[in-house]
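Q:
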């Protein structure tokens, strides 16, 4: 049981470049989430998927898109990266009305 | 939407003493309140959670209390140990958390030897 996995672990982008962050879980969880963590700001919800086939905006969705590819996988895409998107990105998953478990994170630096 | 305030931002206690971290929330519909511990460079890990149908929950040296009327909840750590040093985050959610969590900004707990 790998739990929640994320790739890549670390990425450097130039302003305007695009990339996709990948997340997968093997716990058969219905819900998946993307958060970003910035110093002194806690974690903020970007997008979530309460079940396969649905996605919804969180607190800070601007500049991002998501895809719930299947029950296991939930990807986050930056179409045109900006320095303000430099952050640590965490994916999480949960069974219905249960505890959220986090992945190891992706550190993104946008120059 | 929900807003979660967390205090203090930094807390330094002597090893063996107790530590208390407090959070307030704004949305009366919130009914799920987890606490996460995050060590430097690691992922947040759930340490305890409470739902709105109970006022207190305990797990060994850790306890959480909830006051729905006042919209605040607290984390209590007794007999602190060096390995308790970390950043602690409170969070709140409605619907049991299925639509995601709203986090406080974190408390850096330092255990002094």
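Chains as they are written, first to last, in the working numbering: chain F, 632 to 742; chain E, -18 to 94. For glycine and all other residues, C-beta sits at the position ideal for the given N, C-alpha and C.
For residue 93 of chain E, name the three-state secondary structure that DSSP assigns.
A: Start at 1 with the first residue of the second chain, and residue 93 of chain E comes out as number 112. Strand.
Q: Rank F/709, F/672, F/646 and F/632 by C-alpha distance to the C-alpha of residue 660 of chain F and give the top, closest one.
A: Taking the first chain and counting its residues from 1, one reaches residue 660 of chain F at position 29. Ranking the options by Cα distance to residue 660 of chain F, first place goes to F/632.
Q: Which residues, in chain order, does the stretch 25 to 36 of chain E contribute to contact with chain F at a C-beta distance below 7 Å?
A: Of all residues in the stretch 25 to 36 of chain E, 25, 27 and 30 have a Cβ within less than 7 Å of some Cβ in chain F.
Q: What would DSSP say about residue 716 of chain F, mapped onto helix, strand or coil?
A: Position 85 of the first chain, counted from the first residue, corresponds to residue 716 of chain F. Note: residue 716 of chain F maps to helix in three-state DSSP.
Q: Could you tell me the boundaries of the beta strand (DSSP E) in which residue 39 of chain E lies?
A: Taking the second chain and counting its residues from 1, one reaches residue 39 of chain E at position 58. DSSP places residue 39 of chain E inside the beta strand (DSSP E), whose first and last residues are 37 to 40.
Q: Tell me which same chain residues have a C-beta within less than 7 Å of the C-beta of residue -3 of chain E, skipping the five on either side of it?
A: As a working note, residue -3 of chain E is residue 16 in the second chain. The residues are 60 and 61.
Q: Let me know the secondary structure DSSP gives residue -2 of chain E once reduced to three states.
A: Here the question's residue -2 of chain E lines up with position 17 in the second chain. Coil.
Q: Would residue 662 of chain F and residue 678 of chain F qualify as a contact pair, given that the criterion is a beta-carbon distance under 8 Å?
A: The residue given as residue 662 of chain F occupies position 31 in the first chain. The residue given as residue 678 of chain F occupies position 47 in the first chain. No, these two residues do not count as a Cβ contact at 8 Å.
Q: Indicate whether at least one CB of chain E lies closer than 8 Å to the CB of residue 717 of chain F.
A: For this step, residue 717 of chain F is matched to residue 86 along the first chain. So, not an interface residue.
Q: Can you list the residues of chain E that residue 655 of chain F reaches, using a CB-CB cut of under 7 Å?
A: Against the first chain, residue 655 of chain F aligns to sequence position 24. Simply none; closest approach about 15 Å.
Q: Using the beta-carbon of each residue, which ones in chain F are nearer than 9 Å to residue 15 of chain E?
A: Here residue 15 of chain E refers to the residue found at position 34 of the second chain. Neighbours of residue 15 of chain E on chain F, chain order: 730 and 731.
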